[in-house]
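These notes are about the structure you will find just below.
In the numbering used here, the protein residues as written are 71 to 189.
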């Protein structure tokens, strides 16, 4: 999706400030894995805190999900499912997000996105 934002900037559809605002929103749409795991009932808040505490003591810090699997709080399958769910939330109508933030016409943006993806 970031490539599409750059494309819109290069086409003059977004200025630099709008481009950065959109990219920031797209990055921040990804919910933290621990929060998602609690929401889905795979971890308790206490377990998330234990994982975060373990991460802080690691010499070479592993990612949250890797640490959760290493500690036995999640299985590899659980982690894979959570990562897919997290990505699905990020990908949920990014064109709509761009339209909402910039005031550009959603229909026009969808057409531009289809052309961009086809190229």
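Ideal Cβ positions, reconstructed from N, Cα and C, are used throughout, including at glycine.
The model shown is predicted, which means the values in this text are computed figures rather than measured ones.
- For residue 170, the uninterrupted alpha helix (DSSP H) run begins and ends at 164-172, by DSSP.
- Between the region 150-164 and the region 95-107 there are three or more inter-stretch CB-CB distances shorter than 8 Å, so the stretches are counted as touching.
- Taking the C-beta atoms as reference points, residue 78 is found nearer than 9 Å to residue 179.
- Straight-line spacing of the CA atoms in residue 123 and residue 115 works out to 12 Å.
- Residue nearest to residue 139 within the set 127, 130 and 121 is 121 (criterion: CA-CA distance).
- The beta carbon of residue 91 sits closer than 7 Å to those of 171, all from its chain and outside the five residues before and after it, given in chain order.
- By the neighbour-count criterion, in which 16 or more other beta carbons inside 10 Å mark a residue as buried, residue 76 falls on the exposed side.
- Residue burial is scored here from C-beta neighbours: residue 127 has fewer than 16 other C-beta atoms within 10 angstroms and is therefore classed as exposed.
- The residue among 89, 113, 74 and 159 with its C-alpha nearest the C-alpha of residue 99 is 159.
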